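Q: Counted from 1, the sequence shown has number 1435 at position 327 by the working numbering; the numbering is strictly sequential.
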Amino acid sequence: MSALQDGVETTYMGDPFTPISWKLNPKGLFSSKHFLYCDHMSNSGPSAFSEVNEKVAQAGEILGLKPGVISALSSCEREVVISIPLRRGDDVEVLTGYRVQHSSARGPRKGGIRFHQDVDLDEVRALASLMTWKTALIDVPFGGAKGGVAVDASKLTPIEKEEIIRRWTRSLVHVLGHHRDIPAPDMGTDAKTMAWLMDEFHRLEGFQPACVTGKPVELFGAPGREEATGRGVAQIAAATLEKNDVKVKDATVAIQGFGNVGRYAALVCQELGMKVIAISDVSGGIVDTKGIDIASIFNVKSLADVQADERIGAAEVLEVKCDILIPAALGNVINESNMDKINAAFIIEGANQPLSIAADRELRVQGVVIVPDILANSGGVMGSYFEWTQNIQEFSWPIEKFRNELDARMEKAFGNVHNVSKQYSVDLRTAAFIVSVERVALAFEMRGSLV
Ligand code: NAD
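(1) If you draw a straight line from the alpha carbon of Gly1205 to that of Ala1236, how long is it in whole angstroms?
(2) Do the CB positions of Glu1313 and Val1281 come within less than 8 angstroms of each other?
(3) Who are the near neighbours of Glu1159 in its chain, counting only those whose CB is closer than 6 angstroms to its CB and skipping five residues on each side?
(4) By a C-beta neighbour count over all protein chains shown, 10 Å radius and 16 as the cutoff for buried, is Ala1346 buried or exposed?
(5) With a threshold of 7 angstroms on Cβ separation, who are the neighbours of Gly1399 within its own chain once the five nearest residues in sequence on each side are excluded?
(6) Going along the chain, which residues of its own chain have a beta-carbon closer than 7 angstroms to the beta-carbon of Asn1524, five neighbours each way excluded?
(7) Just grab the DSSP bridge partners of Ile1402 for me.
(8) Looking only at C-alpha atoms, which of Leu1471, Phe1309 and Asp1226 sits nearest to Ser1594?
(9) Exposed or buried, which one is Arg1222 when buried takes at least 16 other CB atoms within 10 Å?
(10) Would you call the segment 1491-1510 and the segment 1201-1215 in contact, with 3 or more CB pairs under 8 angstroms?
(11) When you compare each of Val1428, Asp1431, Ala1403 and Ile1394 to Asp1413 by their alpha carbons, which one comes out closest?
(12) From the DSSP output, read off the bridge partner residues of Glu1201.
(13) Thinking C-alpha only, which one of Tyr1493, Gly1392 and Gly1458 is nearest Gly1332?
(14) Is Val1543 near ligand 1 - that is, is its Cβ less than 7 angstroms away from at least one heavy atom of it?
(15) Just mark Val1208 as buried or exposed, buried being the case when its beta carbon has 16 or more other beta carbons within 10 Å.
(16) Ordered along the chain, which non-local residues of its own chain (more than five positions away) have a Cβ less than 6 angstroms from that of Lys1163?
(17) Given a cut-off of 8 angstroms on the beta-carbon distance, is the pair Phe1309 and Leu1327 in contact?
(18) If distances are taken between C-alpha atoms only, which option among Gly1392, Leu1483 and Gln1501 comes closest to Asn1460?
(19) Pull up the distance between the alpha-carbon of Ala1416 and that of Asp1396, whole angstroms please.
(20) Is the beta carbon of Val1390 less than 8 angstroms from the beta carbon of Ala1423?
(21) Please look up how many angstroms separate the CB atoms of Ile1344 and Ala1318, rounded, as I've assumed it's under 8 angstroms.
(22) What is the rounded straight-line gap between the Cα of Thr1337 and the Cα of Ala1516?
(23) Is it buried or exposed, Ser1474, if we count other Cβ atoms within 10 angstroms and call 16 or more buried?
(24) Considering Ile1290, what are the terminal residues of the beta strand (DSSP E) in which it resides?
(25) Between the C-alpha atoms of Pro1249 and Gly1340, what's the straight-line distance to the nearest angstrom?
(26) Work out the CA separation of Lys1351 and Met1121 for me, nearest whole Å.
(27) Confirm, please, whether the CB-CB distance from Gly1256 to Thr1243 is below 8 angstroms.
(28) From Asn1440 to Ile1363, what distance separates their C-alpha atoms?
(29) For Leu1132, does the three-state DSSP call read helix, strand or coil?
(30) So what's Ala1180 in DSSP terms, helix, strand or just coil?
(31) What's the call for Phe1454, buried or exposed, on a 16-neighbour Cβ count within 10 Å?
(32) At which residues does the alpha helix (DSSP H) containing Glu1495 begin and terminate?
(33) Does the Cβ of Ala1342 lie closer than 7 angstroms to at least one heavy atom of ligand 1?
(34) Starting from the C-beta of Leu1137, find all residues in its chain whose C-beta is less than 8 angstroms away, skip the five residues before and the five after it, and write them out in chain order.
(35) Would you check if the segment 1426-1438 and the segment 1370-1377 touch, i.e. whether three or more CB-CB distances between them fall below 8 angstroms?
(36) Locate the alpha helix (DSSP H) running through Phe1328, then write down its first and last residues.
The following block contains the structure:
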């Protein structure tokens, strides 16, 4: 069924829990082709979605899953592409928005919304799929989804941002809801954006604060959610050092990204006794081998405003010699062009898909320990799960309870992945996919043979 709402064509089909492999390509034509269909394939190397599916297939083969099941787990249940006419001066600019629902096998779909100029269908599919594996890995009752709008968030006024998220919500309201699909912030969106989303959703569907997570604390948000991803990244960094018999105290850390994830990861690394010696954002980076006092610069808007003796380029931070490297900005930043220059013993993936498959392979051969995104940055969706349950129960946790639960569950997930990597003699990424693919496949099969 195709429905015209509010001047925007959307796809919508029945019960949101019914897996449907419909595809709407950007030209508005339905395609029944399998998941390999992709109009937005990146020009450089394999597509982001095919890279995720390579790991899914590998885990499926190790687990002895049937090829058809692997194929089902590699497809997205529903993809919706919308147009968003945005008033700009006395004219209109038409943006493209997306929501991809990858899987509902283990519960309502969950995943962020990204505002970034490079957003395309392939990227959103890859990120939606990663959400399925992430939520399964940390054992929360969600599936996976992702959304986005192809727009440079840094060039939007607050009113334009609000207009875009309200239009996105109106166009997608049929597939959203606290038991269907629950968005959250991602690059270029924040708690304020989620407040506008919730408000628009309430106008259309009535009171349902659990329809979105990552909201402001003053508006049904959970104290602790904002810091949860970065906190989880830092906790995983400390656990990785300990497992490898390296002292946490004074371990050196370099971080790319000083947004939600990078900022809190840096702060908590410092609180845990590590030394953040380099950090960058889109404006460039700063280095101090004695350790940057993150607490004192935590609230700066841009690192360009920070006094520093040594400045480097935004990407150069990845090449700084350190114990722990945390890419916490964009995807595919460590690839064939710079993998030989990486100078870290451990990489903790704060961002989603920061390493290309080739870089991942090469760095592992060199002995670098890589903690994959679906484990390292899963603190965010864990925190979203806590916010969602609190909204549904209409009961608020103190921040200490939030932090204790988060730390304990992250430690458990890390220990589990570590044990599976030993059991199968595989790297941590493969182990993480083995755990999550097994859980999703089991749920998929237990739902019955007639889909
Ligand atoms: P954000 O928009 O808050 O911050 C992004 C940061 O990256 C900013 O500091 C920006 O200046 C910097 N940046 C952008 N382009 C850069 C470049 N070319 N070089 C260096 N720095 C650059 O985004 P975020 O929420 O912190 O998300 C960062 C990454 O973490 C994304 O990959 C996102 O998918 C992932 N992630 C986020 C969450 C979350 O809860 N926010 C959860 C899981 C994963």
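Using N, Cα and C, we set each Cβ at its ideal position, and we do this for glycine too.
None of these values were measured; they are calculated from a predicted model.
A: This is what the structure holds:
(1) So the two alpha carbons sit approximately 14 angstroms from each other.
(2) yes
(3) Ile1465
(4) buried
(5) Lys1383, Val1384 and Ile1385
(6) Val1543
(7) In DSSP, Ile1402 forms no bridge with anything.
(8) As displayed, the chain neither begins before 1109 nor continues past 1559, which places residue 1594 out of reach and without an answer.
(9) buried
(10) no
(11) The candidate whose alpha carbon is nearest that of Asp1413 is Ile1394.
(12) Leu1194
(13) The residue from Tyr1493, Gly1392 and Gly1458 with its alpha-carbon nearest to that of Gly1332 is Tyr1493.
(14) No, since every heavy atom of ligand 1 falls outside the 7 angstroms radius drawn around the Cβ of Val1543.
(15) buried
(16) Phe1541
(17) Not in contact: Phe1309 and Leu1327 (Cβ atoms no closer than 8 angstroms).
(18) Leu1483
(19) 8 angstroms
(20) no
(21) That belief does not hold up - the Cβ atoms of Ile1344 and Ala1318 are roughly 27 angstroms apart, past 8 angstroms.
(22) 14 angstroms
(23) Position check: residue 1474 holds Gln in this sequence, whereas Ser was assumed. Gln1474 should be labelled exposed.
(24) Asp1289 to Pro1293
(25) When rounded, the separation of the alpha-carbon atoms in Pro1249 and Gly1340 is 19 angstroms.
(26) At Met1121 the pLDDT is 37, less than 50, meaning the model places this residue with poor confidence and gives no usable figure here.
(27) No, Cβ-Cβ distance for Thr1243 and Gly1256 is not below 8 angstroms.
(28) 15 angstroms
(29) Because the pLDDT at Leu1132 is just 36, under 50, the model does not fix this residue reliably, and the point stays unresolved.
(30) Three-state DSSP puts Ala1180 in a helix.
(31) buried
(32) Gly1487 to Gln1501
(33) no
(34) In this prediction, Leu1137 has a pLDDT of 30, which is less than 50 and means its spatial position is unreliable; what the coordinates show is noted afterwards. If we look at Leu1137 and ignore the five residues flanking it on each side, it has no Cβ neighbours.
(35) yes
(36) Where Phe1328 is concerned, there is no enclosing alpha helix (DSSP H), given that its DSSP letter is neither H nor E.
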